[in-house]
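**Q**
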Amino acid sequence: MSERNGALAIVGRGTPLDRAVAVWWAETRGPIALATVDPVPDQEYALASIANEAWALGRDQLLERIDAAHAASITSFASEVFDRFRLCEVVVVNAGQRSEAPLAELSADEWLAVLRTNLTVPFLALQAFGRLMLREGRGVAAALIPPLDSGDAAMAAARAGLIEVVRRMDEAWSERGVRVLAIEAAEAETVIAAVTEALGRHSPGT
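Following the working numbering, the numbering of the sequence shown begins with 292 at its first residue and continues without gaps.
This is the structure in structure tokens:
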């Protein structure tokens, strides 16, 4: 199977949504690159299962176990994706982990952990891939955000911050061919539709 298109990268935990989006890309467009949010075996195993599906479809794939909250790690992963596949058309960041702590019981450590996962990781990933997409003059960088009525105060703060980060990135980069999206999605079909629409606006057709 020829690799006419660039790669799709996912920074995630290997959720069913991650799998559905990755398999859609492998079936219809090109190779996939996967990275963990945290450097833990369960995320690596879940993503390896997704990589195996891409392999079965005849697509090239890349898997890295990283700490995506470390700027050097996510920057290195983004560079590796572009070096290996020449182009990364889409990155989807699905880092979110729910938190439901009552406000009076929300500790400082829990607050920081939620912001790390739900704000810092998406920011670093979008920035790392966005820089390289700008060099190519094309790309879609998407961050998945939790529903407005879900989670605790830390989740709400992370959501609001991420929406603003995405808005500013998109304002700065869209005229240079790179779209940045915040997708409120519980279903893979919503993510696929949003990515497809953005690709249609800013990328050559297949």
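Every residue, glycine too, gets a C-beta built ideally from N, C-alpha and C.
1) Roughly how many angstroms separate the alpha carbons of R450 and P332, rounded to a whole number?
2) Since G430 is in the beta strand (DSSP E), which residue starts that stretch and which ends it?
3) DSSP on V457, reduced to helix/strand/coil?
4) Anyone know if the C-beta pair for I482 and L453 falls short of 8 Å?
5) Hey, could you find the ends of the beta strand (DSSP E) R470 is sitting in?
6) What are the start and end residues of the alpha helix (DSSP H) that includes Q418?
7) For the stretch 468 to 478 against the stretch 409 to 425, are there 3 or more C-beta pairs whose distance is under 8 Å?
8) For the candidate residues D443, S370, A432 and V457, whose alpha-carbon lies nearest to that of V486?
**A** Checking against the coordinates, here is how it stands:
1) Their Cα atoms are separated by approximately 27 Å.
2) G430 to I436
3) Here V457 sits in helix by DSSP.
4) Here residue 482 is Val; the residue named in the question, Ile, does not match the sequence. No, Cβ-Cβ distance for V482 and L453 is not below 8 Å.
5) First-last of the beta strand (DSSP E) with R470: V469 to E475.
6) Element bounds for Q418: V412 to E427.
7) yes
8) When only C-alpha atoms are compared, the closest one is A432.
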